[in-house]
Amino acid sequence: MPPTSLFARRATLRRSVGLLSSFRFEQSDPARFYGALADDTVDMVTDLWTGLTASTAAGRTVIDVGGGPGYFASAFTAAGMAYIGVEPDPGEMHAGPAGTPGGAGTFVRASGTALPFADASVDICLSSNVAEHVAQPWRLGNEMLRVTRPGGLVVLSYTVWLGPFGGHEMGLTHYLGGARAADRYARRHGHRPKNDYGSSLFAVSAADGLRWGRSTGALVAAFPRYHPRWAWWMTEVPGFREFTVSNLVLVLQP
């Protein structure tokens, strides 16, 4: 059975529309946005785990690289997994509605490019929408593979630069060039964007991720995260995928 077969059944047009609708609340109502994304991420990870191992994900240990303020912690803990969030920014870690990391799981302040865990020490390692914020995204990916045990699961999902969401809060102006878009945002709003090109946002392509994944020998699947199953073919078309695969999921098994 292909590792994506279970999740593919969930990847409907209705799901896609629901997730895209929630994106507009990221700034105004983060609990609504991140809560929906966390629940969907748990579904994706548990389906991929079961597809790969033919076993339940409950009871497994998951490291979430770039875990943020705790919405994912609550969702994974509710699903019966032992959650460890890794977050380098203490402000982000405590940005949840209660000012705490979600009240669930364990949190470690550390960089994703130098994870403070032993080799082959966890079952699942996840990174959701983090790689585009790291200057060396594949160093992060290699660390994720290092800490995951053989036969485990690594899920690295990131926003593709040339896709419609590549500019984050800068909108579609990133098509003018990252530095120009960030400067334009600063002039308009009086401050630099949170996702500032060259410091906290980088141009990561779909081709980059697929090339790295294949080079590891551990890549078992790749698909566009928010697309319905019938649109997953876009991942296979060079050039075209850079503009249409808004978020690429790389599934690896050490």
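All residue numbers for the sequence shown refer to UniProt numbering, where the first residue is 1 and numbers rise by one.
Note that the Cβ used here is the ideal one computed from N, Cα and C, for glycine as well.
In this text the structure is predicted, and so the values were computed from the model without any measurement.
- Checking the DSSP bridge columns, you'll see Ser74 has no partner listed.
- Beta-bridge pairing by DSSP links Gly85 to Asp64 and Phe107.
- The way I'd put it, the segment 53 to 69 does touch the segment 128 to 140; three or more beta-carbon pairs between them come closer than 8 Å.
- Taking all protein chains shown into account, Asp119 has fewer than 16 neighbouring C-beta atoms within 10 Å of its C-beta and is therefore exposed.
- Distance from the Cα of Ser22 is smallest, within the candidate group Leu13, Tyr34 and Thr12, for Tyr34.
- Here Gly151 carries a strand assignment [DSSP, helix/strand/coil].
- Per the Cβ contact rule, the segment 186 to 201 is not in contact with the segment 211 to 223 (fewer than 3 Cβ pairs under 8 Å).
- Between Gly70 and Ala104, the C-beta gap is smaller than 8 Å, which places the two residues in contact.
- The alpha-carbon of Leu115 is positioned some 22 Å away from that of Val42.
- Here the alpha carbon of Phe107 sits roughly 25 Å from the alpha carbon of Thr50.
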